[in-house]
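*Asks:* Handing you this structure, nothing more for now.
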Amino acid sequence: MTTHTNAPLPTNEAMRPILEMRQVTQTYTLARQKLFEARPTLTVLDHIDFDVRPGEAVGLVGESGSGKTTLTRILTGMEQPREGHVLFDGRDVWTAEPSHRQLFRRSVQVVMQNPRSSLDPRMRLGASLLEPLRSLRIEGDHAARVYQVLDQVGLSRNALERFPHEFSGGQLQRIAIARALMSGPKVLIADEPVSALDVSIQAQVLNLLKDLVRDLGLALVFIAHDLSVVAYTTSRVSVMSAGRIVEIGKPLDLFTHPKAEATRNLVGAILTVESGLAGNALA
Amino acid sequence: MSGANALEVHNLVVRHDMLTAVRGLSFALPVGGRMGLVGESGSGKTLTALALMGLLPMGWQADGSVLHDGVDLIRQSDRALAHRRGRTISMVFQDPLSSLDPVRRVGYQVSSVIRRHMKTSRREAERQTIELFRQMSLPRPEQLVRAYPHEISGGQRQRIMIAMALACYPQLIIADEPTTALDVTVQKQVLRLLNGAVEQRGCALLMITHDLPIIAAMCDTVAVMYAGRIVEMGPVGQVFRSPRHHYTRGLLESQPTMDNIALDGSSRLTSIPGMVPPLHSLPTGCAFHPRCAAATEKCVAEVPTLEGGTRRAACWHPVESMAEAAAS
Ligand SMILES: Nc1ncnc2c1ncn2[C@@H]1O[C@H](COP(=O)(O)OP(=O)(O)OP(=O)(O)O)[C@@H](O)[C@H]1O
Ligand SMILES: Nc1ncnc2c1ncn2[C@@H]1O[C@H](COP(=O)(O)OP(=O)(O)O)[C@@H](O)[C@H]1O
Ligand code: SF4
Ligand SMILES: [Mg+2]
Ligand SMILES: [Mg+2]
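Just so you know, the protein sequences line up as chains C and L, in that order.
Heads up, the first sequence stops at 283 in full-length UniProt numbering, and the numbers go up one at a time, no gaps.
Heads up, the second sequence stops at 328 in full-length UniProt numbering, and the numbers go up one at a time, no gaps.
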């Protein structure tokens, strides 16, 4: 068992954001309820401002349906917002020239909740790792890159010959992180990366993400509905509710002085072993 | 069999050809008692629950004995077990959508269980269903009984499953990860309702989960499972405050606590290295030895036994409690 305490994560106030959202609004048009009626629209993100700096880990929490995954899709450029801007390295990715778009695509990578469904079951791990280099048309010594990334996530080289079913959930999540790192991103977005994992494995993955922020200077956006996991991993947390960011703060401040109702609900939902043993956790 | 137990399990083994997923489980759950069965995924919790309910998947076989309500469930016919399920013993599963019939209204599904087991009239069963929905804090129960499963949220579906499990006043409820699929904000509400309902009816609860805080909040005793065996058991406060098995201690230390959070992102969690072994290559001796910092040759060679009174740990070199460590 390993434990160490490290120096506080820097907040990097002085650096300018590497990835940024300004006044982003996203709406979806729903199916008509009655003939001749206007099709109703649903506002899923409502004038969102959000940013992350190099070497910084920021958190995003909110109840189910609050808009977290939608925000991820917009931050990664998978979806274009109805209104507002997404800026990578200070420039709007939807109006910039193709070379900036290409750089943005390589530089912002995602890790999803379920590693089993994000890896092709018929592909050996080695092939899965090379796939992003191919699809993003990245040149260079691919083998060297694979070995470097395996080192960064703490996997051994013999993993390359194996198939996804030969790994546990926690190892697969490491592999999914390795795959996201292949293109040399500046920003890693993790959407519920540990909610499908067991407690002992959760800790391994959370520690790995923190190491990557510290050692590679990655910017990390960590998304979850469990405030305690987000608070552990990040130094600044935004709380979402019904498509809006209702509160931003340091993890400890959110716990001790939650201002928004949504924050209070999330804090109230946390069960710990201590509160459980105290006997009134479910009162 | 002592009449004071709602469930008595002796040396339960669950296997499939050459694979043995549950390797000799023994425990007793007193009438009205609440026991937690905790362990990581793959440790054999679900197969244990399914064996107790007589619902093992094709090809799996259970041995040992499971005493409940004066009979050995393992030696009961499928028909006798089917008649018992939902009446003296009922189960809440992890995924409520797959255990509800998608083409029948939820109210009908609950009231037909009541009619089948309690021999009440249709109207009486419908009345009791609405009352159960109300006890589960479900909104607008009179209308909700007419909804189909896909029309309601996951948290509401799970509350309906609990209502169904409680409908016939069973002596024992087995809940397998009942809130794992739910959002944290809904999770606590569902647990609170389950907790209150079990308390009010005085039925025994076997709570199966990998989530230690849930066990701490709901159970009086806990059994920690690893690779198909119980490695530690006892009163929940004693086991969680001073664990003796190194696996239990590792699980407890992996939990984020207020102390971690207070450091605003700068702390590290303790983690257990390695992973749960797959069934086809279970380690010899103490199955936890490849992941244990305290392991010795004895741990590799010999299986530690789970002996003692109410507080037991199957470990050759148990974790010293704070008090013992200070004294030595
Ligand atoms: N393509 C779409 N069309 C219509 N509605 C959508 C679409 N995508 C998302 N929504 C709606 O937008 C809202 C926000 O969804 P989103 O997936 O972003 O939530 P979330 O915060 O990630 O939730 P969870 O914690 O459950 O993952 C929900 O009400 C969802 O139903
Ligand atoms: N239907 C099945 N076929 C083959 N192996 C199974 C099946 N169900 C469970 N197992 C295996 O049995 C072991 C215990 O599984 P399970 O009881 O589901 O564990 P838990 O509920 O603790 O996660 C695991 O190694 C799992 O892979
Ligand atoms: S028996 Fe040995 S390997 Fe197993 S937990 Fe105890 S010290 Fe560790
Ligand atoms: Mg989501
Ligand atoms: Mg299970």
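For every residue, glycine included, the Cβ atom is placed at its ideal position computed from N, Cα and C.
Since the model is a prediction, treat every value here as computed from it, not as a measurement.
Would cysteine 219 of chain L pass as a contact of methionine 207 of chain L if the rule is Cβ separation under 7 Å?
*Replies:* Locating residue 219 of chain L in the second sequence gives position 219, counting from the first residue. Locating residue 207 of chain L in the second sequence gives position 207, counting from the first residue. The answer is yes: Cβ separation under 7 Å.
*Asks:* Under 5 Å, CB to any heavy atom of ligand 3. Which residues pass, going along the chain?
*Replies:* Residues with a Cβ closer than 5 Å to any heavy atom of ligand 3, in chain order: L:His246, L:Cys286, L:Phe288, L:His289, L:Cys292, L:Ala294, L:Ala295, L:Cys299, L:Pro304, L:Cys315, L:Trp316 and L:His317.
*Asks:* Any C-beta of chain C within less than 8 Å: which residues of the region 67–88 of chain L qualify?
*Replies:* From the region 67–88 of chain L, no residue has a Cβ closer than 8 Å to chain C.
*Asks:* Below 8 Å between beta carbons is the criterion; list the residues of the region 189–223 of chain C that meet it against any residue of chain L, in chain order.
*Replies:* The region 189–223 of chain C vs chain L, Cβ under 8 Å: Asp198, Val199, Ser200, Ile201, Gln202, Ala203, Gln204, Leu206, Asn207 and Lys210.
*Asks:* Below 8 Å, can you find three or more Cβ-Cβ pairs linking the region 134–142 of chain L to the region 153–170 of chain L?
*Replies:* Short answer: they touch.
*Asks:* Quick one: does methionine 275 of chain L have its CB under 7 Å from some CB of chain C?
*Replies:* Translated into the one-based positions of the second sequence, residue 275 of chain L becomes position 275. So yes, methionine 275 of chain L belongs to the interface.
*Asks:* Give the straight-line distance between the Cα atoms of valine 319 of chain L and glutamate 253 of chain L, rounded to the nearest whole angstrom.
*Replies:* Numbered from its first residue, the second sequence carries residue 319 of chain L at position 319. Numbered from its first residue, the second sequence carries residue 253 of chain L at position 253. Their backbone Cα atoms lie some 13 Å apart in a straight line.
*Asks:* Could you tell me if leucine 42 of chain C is buried or exposed, where buried requires 16 or more neighbouring beta carbons within 10 angstroms of its beta carbon?
*Replies:* Looking up residue 42 of chain C in the first sequence gives position 42. Looking at its Cβ environment, which holds fewer than 16 other Cβ atoms inside 10 Å, leucine 42 of chain C is exposed.
*Asks:* Which residue comes first and which comes last in the beta strand (DSSP E) that contains glutamate 232 of chain L?
*Replies:* Position 232 of the second sequence, counted from the start, is the residue given in the question as residue 232 of chain L. Segment 229–235, the beta strand (DSSP E) holding glutamate 232 of chain L.
*Asks:* Using a Cβ-Cβ cut-off of less than 7 Å, list which residues of the region 95–121 of chain C approach chain L; keep chain order.
*Replies:* Within the region 95–121 of chain C, no residue has a Cβ that lies closer than 7 Å to any Cβ of chain L.
*Asks:* How far does the alpha helix (DSSP H) with valine 146 of chain C in it reach, from first residue to last?
*Replies:* In the first sequence, residue 146 of chain C corresponds to position 146, counting from 1. Where valine 146 of chain C is concerned, the enclosing alpha helix (DSSP H) stretches over 142–153.
*Asks:* Hey, does glutamate 40 of chain L have any beta-carbon neighbour from chain C nearer than 7 Å?
*Replies:* Sequence index remark: in the second sequence, residue 40 of chain L carries index 40 (1-based). So, interface residue.
*Asks:* If I measure Cβ to Cβ from alanine 260 of chain C and keep anything under 8 Å in the same chain, skipping five residues before and after, which residues do I get?
*Replies:* Reading the first sequence from its first residue, position 260 is the one you call residue 260 of chain C. Closer than 8 Å at the Cβ level, and outside the excluded window around alanine 260 of chain C, lie Val239, Ser241, Val246 and Glu247.
*Asks:* Expressed to the nearest angstrom, what Euclidean distance is found between the alpha-carbon atoms of glutamine 255 of chain L and valine 273 of chain C?
*Replies:* Residue mapping note: residue 255 of chain L aligns to position 255 of the second sequence, counting from 1. Residue mapping note: residue 273 of chain C aligns to position 273 of the first sequence, counting from 1. Roughly 8 Å between the two C-alpha positions.
*Asks:* Does the pairing of the region 195–209 of chain L with the region 21–39 of chain L give three or more beta-carbon distances under 8 Å?
*Replies:* Touching, yes, given that three or more Cβ pairs across the two stretches are closer than 8 Å.
*Asks:* Work out the CA separation of glycine 155 of chain L and proline 149 of chain L for me, nearest whole Å.
*Replies:* Counted from its first residue, the second sequence places residue 149 of chain L at position 149. Counted from its first residue, the second sequence places residue 155 of chain L at position 155. Rounded to whole angstroms, proline 149 of chain L to glycine 155 of chain L spans 11 Å at the Cα level.
*Asks:* Evaluate the contact criterion for the region 220–232 of chain C versus the region 59–69 of chain C: three or more CB pairs, one atom per stretch, below 8 Å.
*Replies:* Yes, the region 220–232 of chain C is in contact with the region 59–69 of chain C.
*Asks:* Distance cutoff 7 Å, beta carbons only. Does leucine 277 of chain C sit that close to anything in chain L?
*Replies:* As a first step, residue 277 of chain C is located in the first sequence; it is residue number 277 there, counting from the start. It does; some Cβ of chain L falls within 7 Å.
*Asks:* My output table needs one value for proline 10 of chain C: the three-state DSSP class, helix, strand or coil.
*Replies:* Indexing the first sequence from 1 puts residue 10 of chain C at position 10. Below a pLDDT of 50, predicted positions are generally treated as unreliable, and proline 10 of chain C, at 49, falls in that range; the measurement from the model is reported next regardless. Proline 10 of chain C falls in the coil class under three-state DSSP.
*Asks:* From tryptophan 316 of chain L to glutamine 128 of chain L, what distance separates their C-alpha atoms?
*Replies:* Residue mapping note: residue 316 of chain L aligns to position 316 of the second sequence, counting from 1. Residue mapping note: residue 128 of chain L aligns to position 128 of the second sequence, counting from 1. The alpha-carbon atoms of tryptophan 316 of chain L and glutamine 128 of chain L are separated by roughly 53 Å.
*Asks:* At a cut of 8 Å, does the region 50–57 of chain L reach the region 71–85 of chain L through at least three beta carbon pairs?
*Replies:* Result yes; three or more Cβ-Cβ pairs closer than 8 Å.
*Asks:* Hey, which unbroken runs of the beta strand (DSSP E) at 3 residues or more fall wholly within the region 21–87 of chain C?
*Replies:* The qualifying runs are 41–52 and 57–62.
*Asks:* Could you tell me if proline 8 of chain C is buried or exposed, where buried requires 16 or more neighbouring beta carbons within 10 angstroms of its beta carbon?
*Replies:* Looking up residue 8 of chain C in the first sequence gives position 8. Model confidence at proline 8 of chain C stands at a pLDDT of 46, short of 50, so the residue's coordinates are unreliable; what they give is reported in the following sentence. Result: exposed.
*Asks:* Got a sec: is the Cβ-Cβ distance from phenylalanine 240 of chain L to anything in chain C below 7 Å?
*Replies:* As a position in the second sequence, residue 240 of chain L is number 240, starting the count at 1. Yes, its Cβ sits closer than 7 Å to a Cβ of chain C.
*Asks:* Name the chain C residues that come within less than 9 Å of lysine 188 of chain L, Cβ to Cβ?
*Replies:* Position 188 of the second sequence, counted from the start, is the residue given in the question as residue 188 of chain L. In chain order: Gly268, Ala269, Ile270, Leu271, Ala281 and Leu282.
*Asks:* Should the region 76–88 of chain C be regarded as contacting the region 150–158 of chain C, the criterion being three or more beta carbon pairs within less than 8 Å?
*Replies:* In short, these stretches do not touch, since the Cβ pair count stays below three.
*Asks:* For methionine 1 of chain C, would you say it is in contact with chain L, using Cβ-to-Cβ distances shorter than 7 Å as the test?
*Replies:* As a working note, residue 1 of chain C is residue 1 in the first sequence. Any reading at methionine 1 of chain C needs caution, since the residue's pLDDT is 39, under 50, leaving its predicted position unreliable; the model's value is listed next. Chain L contact via Cβ: present.
*Asks:* Report yes or no: is there a C-beta of chain L within less than 7 Å of the C-beta of histidine 4 of chain C?
*Replies:* Position 4 of the first sequence holds residue 4 of chain C. Because histidine 4 of chain C carries a pLDDT of 40, less than 50, the predicted location of this residue cannot be relied on, and no value is offered for it.
*Asks:* Got a sec? Which residues, its chain only, sit under 7 Å from alanine 180 of chain C by beta carbon, not counting five neighbours each side?
*Replies:* On the first sequence, residue 180 of chain C is found 180 positions in, with the first residue counted as 1. So the qualifying residues of the chain are Gln109, Val110, Val111 and Leu188.
*Asks:* For a quick check, are the C-beta atoms of alanine 62 of chain L and valine 14 of chain L less than 7 Å apart?
*Replies:* Along the second sequence, one-based indexing puts residue 62 of chain L at 62. Along the second sequence, one-based indexing puts residue 14 of chain L at 14. Contact: yes.
*Asks:* Examine chain C for any beta-carbon lying closer than 7 Å to the beta-carbon of aspartate 220 of chain L, and answer yes or no.
*Replies:* Locating residue 220 of chain L in the second sequence gives position 220, where the first residue counts as 1. Not closer than 7 Å to any Cβ of chain C, the Cβ of aspartate 220 of chain L fails to qualify, so no.
*Asks:* Counting only runs that start and end within the region 9–90 of chain L, where is the beta strand (DSSP E) found for 3 or more residues in a row?
*Replies:* Correct list: 19–30, 34–38 and 61–68.
*Asks:* Using DSSP bridges, identify the partner residues of residue 336 of chain L.
*Replies:* Lying outside 1 to 328, the shown extent of chain L, residue 336 of chain L is not represented and no answer is given.
*Asks:* Going by the beta-carbon positions, is the gap between glutamine 82 of chain C and glutamine 152 of chain C smaller than 7 Å?
*Replies:* Counted from its first residue, the first sequence places residue 82 of chain C at position 82. Counted from its first residue, the first sequence places residue 152 of chain C at position 152. The displayed chain sequence assigns arginine, not glutamine, to residue 82 of chain C. The answer is no: Cβ separation not under 7 Å.
*Asks:* Could you tell me which whole alpha helix (DSSP H) segments of length 4 or greater appear in the region 154–224 of chain L?
*Replies:* 154–166, 184–201 and 212–218, all fully within the region 154–224 of chain L.
*Asks:* Could you check what DSSP says for leucine 144 of chain L in three-state terms: helix, strand or coil?
*Replies:* Taking the second sequence and counting its residues from 1, the one referred to as residue 144 of chain L is at position 144. Of the three classes helix, strand and coil, the one that applies to leucine 144 of chain L here is helix, per DSSP.
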